[in-house]
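Worksheet: the structure to be examined is printed underneath.
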Amino acid sequence: MHDVTIIGAGPAGTAAGYVLREAGFSVLILDKYKFPRKKACAGGITPKAMALFPYDISFLIHRTCHRVRIRRPGGKTFIIREKKPLCYMTRRQDLDQFTLNMFMKKGGRFQVSRKIISILEKPGHIDLCFMDHKHEKQSIQSRYLIGADGANSIVRQLTHSAFGIMKYPALEADIPMDQPWKYPMEFDFSMGIKGYYWIFPKKNHLNIGIYSIAGHRGLTRKALARYARMRFGRTDMENIKGYPIGVGGFSESPAPGRILLAGDAAGMAEGLLGEGIYFALKSGQSAAKAIINAMASGKDAGDLYGRSVRFIRLELALHHHGAKGLYRFPALFLALARHPFCHKPFSRGYASGIPLSQNFFLNRWCIWKNCPRVNGA
Ligand SMILES: Cc1cc2nc3c(=O)[nH]c(=O)nc-3n(C[C@H](O)[C@H](O)[C@H](O)COP(=O)(O)OP(=O)(O)OC[C@H]3O[C@@H](n4cnc5c(N)ncnc54)[C@H](O)[C@@H]3O)c2cc1C
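Going by the UniProt record's numbering, the first residue of the sequence shown is number 1, and it counts up by one from there.
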């Protein structure tokens, strides 16, 4: 019997696996794909997410962005600049392969599972039945299970059917280019969708994409191709991929028990810009720590996890309300945001890796007081 089985080898799953292996637990990660695998994700790592990796990932960074261009409704732009990086550009496929390798270097086991058939919570353990890479049925037991299998989570469907999340779609593509660094990182809110288009410069290509909180309407390859032609005179897009982002976890408290949901599976991505890697890492690590704590104290892991993700849920709720305001009144919101007086407290905190909740309540006061937490001194 394994101590913990984790379903999903994305950031939430491997972050949880690494913490558990460091504590000496036997851990098996199952994923439906062999790695490396392509994953729809722009690979933008914010400073607060970067700070959560327990090992160095700097060699995976294509580009460090100190400025972001914001395009407002009507087409006017403004630039947000910070001395500290605002975002690190990586390729998700490489990042996930590396984090999985780090987990396995710690002694963790990885296996491909084509299909999860059943998950049953029994007193003291979990029975899991799945189809392996040869399409043969396998049954395993573990003391705990972490569902880190993304927005369409099968673990959530089989075990937490009342746990409701929202799915916001995003679609992306790469445009190969010799000098992608000529373009700054950009969020374009001028296209009249309840969301934005993004342009993320990488080493040898631009990653462009669309994100919307209003469902799939308008999120098509055609729309992305039209945008690529309009902005860069190009239509030769590669690696076109779409996937939903799991949001809404702020309104659901994790259930007690031995099966914990983390990352997008638990709706723990934020709805404002669709950032999910930070929340996946944070919730994956919290789930692992809750299990370690439960094994030592005999307490309920689900309860401990519920308590430890309260901060994440507050953070997600703030982003949710921010998204409601921004996408309802984008022109007004961004007209205000263009003034440094309005965006500096947020961008400075953002670049220092400070979560929004701390920005929201403390940042103005901290800047006024020249507080070291904000200045990162
Ligand atoms: C187009 C797009 C762009 C994005 N850009 C960014 C960005 O720049 N920055 C950012 O922070 N966030 C971004 N996000 C959000 C981010 O990708 C997710 O929030 C994040 O990947 C969630 O991590 P996770 O570990 O919870 O789930 P995932 O990364 O989705 O990983 C889930 C894993 O589970 C596996 N799996 C799924 N189903 C099963 C199953 N039945 N059995 C076994 N394994 C299974 C999958 O193969 C996958 O490996 C983007 C999302 C999209 C769609």
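Glycine is no exception: its CB is placed at the ideal position from the N, C-alpha and C atoms.
- Secondary-structure assignment with DSSP links PHE110 through a beta bridge to ILE29.
- DSSP lists ILE70 as the bridge partner or partners of PHE78.
- In the pairwise beta carbon analysis, the region 29-39 is classified as touching the region 94-114: at least three pairs are separated by under 8 Å.
- Between ARG114 and ASP3, the C-beta gap is not smaller than 8 Å, which leaves the two residues out of contact.
- Runs of the alpha helix (DSSP H) lying entirely within the region 168-233 and spanning at least 4 residues, in chain order: 221-232.
- Taken through DSSP and simplified to helix, strand or coil, ARG338 comes out as coil.
- It is roughly 51 Å from the alpha-carbon of PHE346 to the alpha-carbon of LYS137.
- When DSSP states are grouped into helix, strand and coil, LEU318 belongs to the helix group.
- The region 261-271 makes no contact with the region 127-134, as fewer than three CB pairs between them are under 8 Å.
- The DSSP-derived three-state label of TYR55 is coil.
- Distances taken from the Cβ of CYS129 to the heavy atoms of ligand 1 include none shorter than 7 Å.
- A distance below 8 Å separates the beta carbons of MET89 and PRO201.
- Contact check for ALA266 and SER283: beta-carbon distance about 6 Å, within the 8 Å limit, so the pair qualifies.
- At a cut-off of 7 Å, the beta-carbon of ILE199 does not count as near ligand 1: no heavy atom of the ligand is closer than that.
- The DSSP assignment places 277-297, 301-308 and 310-328 as complete runs of the alpha helix (DSSP H) inside the region 272-331, in order along the chain (cut-off: 4 residues).
- The beta carbon of ALA16 sits closer than 7 Å to those of ILE6, ILE146, ALA148, ALA262, GLY284, GLN285, ALA287 and ALA288, all from its chain and outside the five residues before and after it, given in chain order.
- Here CYS129 is bridged, per DSSP, to SER118 and SER139.
- Of all alpha-carbon atoms in SER26, LEU158, ILE117 and VAL155, the one lying nearest the alpha-carbon of SER139 is that of ILE117.
- In this structure, DSSP gives LYS83 a state outside helix and strand, which the three-state scheme calls coil.
- Beta-bridge annotation (DSSP): VAL247 is paired with MET166 and ALA269.
- Around the CB of GLY298, fewer than 16 other CB atoms lie within 10 Å, so the residue is classed as exposed.
- The region 39-49 makes no contact with the region 302-320; the number of CB pairs closer than 8 Å stays below 3.
- Across the set GLY306, GLY322, LYS241 and ILE199, the C-alpha of GLY322 shows the shortest separation from the C-alpha of GLU270.
- In the DSSP assignment, GLY44 forms a beta bridge with MET89.
- CA-to-CA, the gap between PRO184 and ILE165 works out to about 33 Å.
- Closest by C-alpha distance to ARG72, out of PHE341, ARG348 and TYR327, is TYR327.
- By the C-beta density criterion, GLY195 is buried, having at least 16 other C-beta atoms within 10 angstroms.
- In the structure shown, the three-state DSSP call for ILE61 is coil.
- Here the alpha carbons of LYS324 and ARG338 stand approximately 19 Å from one another.
- DSSP places ILE259 inside the beta strand (DSSP E), whose first and last residues are 259-261.
- A direct Cα-to-Cα measurement between LYS344 and ILE277 gives close to 23 Å.
- When ILE240, ILE70, ASP31 and ALA162 are compared, the shortest CA-CA separation from LYS222 is found for ILE240.
- Residue environment analysis places ASN207 among the buried positions, since at least 16 neighbouring C-beta atoms fall within 10 angstroms of its C-beta.
- The Cβ atoms of ALA49 and LEU332 lie no closer than 8 Å to each other.
- In the three-state reduction of the DSSP assignment, GLY10 falls in the coil class.
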